[in-house]
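Report on one structure; see the data block that follows.
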Amino acid sequence: NAENEDVYFGIVLAGLQAPLPTAFEAALFSAEMLFPEEVTSFYGELSTEDKERYVQHRWGQDGVSLFKQMQGNDYTVPIGMHKPWWYHSDEVLQTTDMLHHCKFLKYMYRPEDSKYGDILNEGKKVVWAGVG
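Taking the numbering used here, I'd label the letters of the sequence shown as residues 10 to 141.
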């Protein structure tokens, strides 16, 4: 089940003594439940300078200009995504900006495959990373 996957990676990363990124850096890399803007709303806002420093470290210098372009959008689109259709509606995933910045989303996800409504309709509580 899904929890075993998270436990597995938590144990492996701890065993490797891997340096872990900040929550914001992790959201720049990949989104499942939280996009970078949601991370800062849960864990505290970062200065523009700190955000750009993290972006440059993870995305390179060209990434900073891309990040700045995305600031007018609803979401900063990360490098990758892992089952975002479990936690985000089609109104988020099917926007022009999302499909423009995540060019492969249309090949890995079809709106009819969404689990978002199922989770809400089953009355399950969506628990955000460390919150809830």
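Don't be surprised by glycine CBs; every beta carbon is placed ideally from N, CA and C.
On a predicted model such as this, the values are computed, not experimentally measured, just so you know.
Using a 10 Å radius around the Cβ and a threshold of 16 neighbouring Cβ atoms, would you call residue 121 buried or exposed?
Within the sequence shown, numbered from 1, the residue matching residue 121 stands at position 112. By the 10 Å Cβ count, residue 121 comes out exposed.
Can you give the Cα-Cα distance for residue 30 and residue 119, rounded to whole angstroms?
On the sequence shown, residue 30 is found 21 positions in, with the first residue counted as 1. On the sequence shown, residue 119 is found 110 positions in, with the first residue counted as 1. For residue 30 and residue 119, the distance between alpha carbons rounds to 31 Å.
Specify the secondary structure class of residue 27 as computed by DSSP and reduced to three states.
On the sequence shown, residue 27 is found 18 positions in, with the first residue counted as 1. Here residue 27 sits in coil by DSSP.
From the DSSP output, in three-state form, read off residue 42 for me.
Sequence index remark: in the sequence shown, residue 42 carries index 33 (1-based). Residue 42: coil per DSSP, three-state reduction.
Pick from 92, 91, 93 and 76: whose alpha carbon is nearest that of residue 85?
Taking the sequence shown and counting its residues from 1, the one referred to as residue 85 is at position 76. For the residues 92, 91, 93 and 76, the minimum Cα distance to residue 85 belongs to 76.
Counting C-beta neighbours from all protein chains within 10 Å, is the total for residue 117 16 or more, i.e. buried, or is it exposed?
Counted from its first residue, the sequence shown places residue 117 at position 108. Answer is exposed; the Cβ neighbour count stays below 16.
What do you get for residue 60, buried or exposed, if any count of 16 or more other CB atoms within 10 angstroms of its CB means buried?
For this step, residue 60 is matched to residue 51 along the sequence shown. That one is buried.
Excluding the five sequence neighbours on either side, which residues of its own chain have a C-beta within less than 7 Å of the C-beta of residue 89, listed in chain order?
If you number the sequence shown from 1, residue 89 lands on position 80. Result list for residue 89: 38 and 39, in chain order.
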